[in-house]
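Take the sequence shown: its letter number 301 is residue 1771 in my numbering, and every next letter is one higher.
Report on the following structure.
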Amino acid sequence: MRLKDMPLTGFCVLTIAAILAAAPPEKGSRARDLGIVIGRYAPGHHNAITDVAGIRVGQITIIEGRGRLVPGKGPVRTGVTVIVPHNGDIWQEKVAAGSFVLNGNGEATGLMWLQESGIIETPIALTNTLSVGMVQRALVEWMLQRHPDIGITDDTLTPIVFECDDGFLNDIRGPHVQEKHVFEALKKASSGPVQEGSVGAGTGMTAYEFKAGIGTASRLVPVDQSTYTIGVLVLANHGERHTFRVQGIPVGNMITDRKPKVFSDGSIVIVVATNAPMESRQLSRLAKRVALGYAKTGGVSHHGSGDIVIAFSTANKIPHYPKKALTEWTILSDFFLDDLFEAVADATEEAILNALMAGRTMEGRDGNTAYGLPIDELKQLLIQKGIERGR
């Protein structure tokens, strides 16, 4: 990225050091590029949540300043990520959803209504802990502009916003995520490849004491006579180094340097999308299996961790105001869910690894530094241990 190529917008004010820290990952920064293949199911075209038809992801990254923290002023290492559940009007055509809270030390607006109603009716947003209120208000405004009757002759709404704490690198007390960033993320939302690592909500996040952030993966799952897609997107900001594993190898005990000067207990937020025809109860069951993939990377869900999962299906659209009392849905039998359970755990494991491999060393406030996972060193460890295990 060259200086003259940088857009002069209000969304990113970058120093030279910040430009280097925020540069897009080079090729070879995903798990499969290192030969890490998890599970038996093939990924979709982009190996991303956007492989589920209609899903769009938009991200705005905010990086400003460096040096000593001035609370409310910077330095800034944060952002917002949005997931739009389908190409239509999510308010008029809601989708079935479920959830699972592995550990509840986190904020999740709209989760109570999702659990009660079994639906999603707004875009989903991810950001830092102290920006949840601003992002929620921005989603409300975005919906009001498209549906002027909301709160007057129509229902009110409860937008879905999740968070992780990026305060190690970011001036989290500052109002740096603003309405314009949420609107721009929604405007930019697309169905193509999803940028990973230090982008959007993942800008200031770490996992297993390495730089991490946004990660995604997908699986194509044959069930009876059909093939369904499962996509996972994670906001990875969790875990201690010694628990970190890759394909069962305790690499966290082998790569013991490059640790941040302070360990900050964190969280993980995981969004699952599928086109498999499932209802809310089944989607909550699917969300639970995400924890199995999380655990295989070394996640233990600490006391101070907010580990929250939501899952939704695009297969059946739910009308805002149905014209008939009876609704016809196509639903998979519970006896055909096992392969989907397996696939979502595999995709979650890979999405977390992708977040770590895309993370690049970043210096934040007060010189706090989160180091990127040393890919070459990891590759050599995997080769060595693979040879040893094969004897």
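Using N, Cα and C, we set each Cβ at its ideal position, and we do this for glycine too.
Item: Local conformation of Q1529 per DSSP, three classes; Value: strand
Item: Per-residue DSSP class, three states only, for T1599; Value: helix
Item: Residue of G1683, L1609 and M1604 minimising C-alpha distance to L1639; Value: G1683
Item: Cβ neighbours of L1614 in the same chain (closer than 7 Å, five flanking residues each side left out); Value: I1620
Item: Whole-angstrom C-beta distance between Y1678 and R1711, which should lie under 8 Å; Value: 5 Å
Item: Extent of the continuous beta strand (DSSP E) to which S1783 belongs; Value: G1776 to P1789
Item: CB contact flag (A1688, I1519, <8 Å); Value: Looking at the sequence itself, residue 1688 is Ser, so the reference to Ala does not match. Yes, they are a contact pair.
Item: Expected contact under 8 Å - CB spacing of S1803 and P1747 to nearest Å; Value: That belief does not hold up - the Cβ atoms of S1803 and P1747 are roughly 10 Å apart, past 8 Å.
Item: N1824 versus S1499: straight-line alpha-carbon distance, rounded; Value: 7 Å
Item: Which residues DSSP lists as bridging G1544, in chain order; Value: V1540
Item: For N1745 and I1738, the rounded distance between their alpha carbons; Value: 24 Å
Item: Beta-bridge partners of V1647, as assigned by DSSP; Value: Looking at the DSSP assignment, V1647 forms no beta bridge with any residue, so it has no partner.
Item: Q1665 versus K1794: straight-line alpha-carbon distance, rounded; Value: 42 Å
Item: Backbone CA spacing between D1503 and R1510 [nearest angstrom]; Value: 17 Å
Item: Sequence-distant residues of the same chain with beta carbon closer than 6 Å to S1601, five excluded per side; Value: V1647
Item: Simplified DSSP state of M1675, which is helix, strand or coil; Value: coil
Item: F1570 - containing beta strand (DSSP E), residue span; Value: E1563 to G1574
Item: Rounded separation between A1781 and F1632 - CA only; Value: 13 Å
Item: Cβ neighbours of I1719 in the same chain (closer than 6 Å, five flanking residues each side left out); Value: K1855
Item: Span separating the alpha-carbon of F1811 from that of L1690; Value: 12 Å
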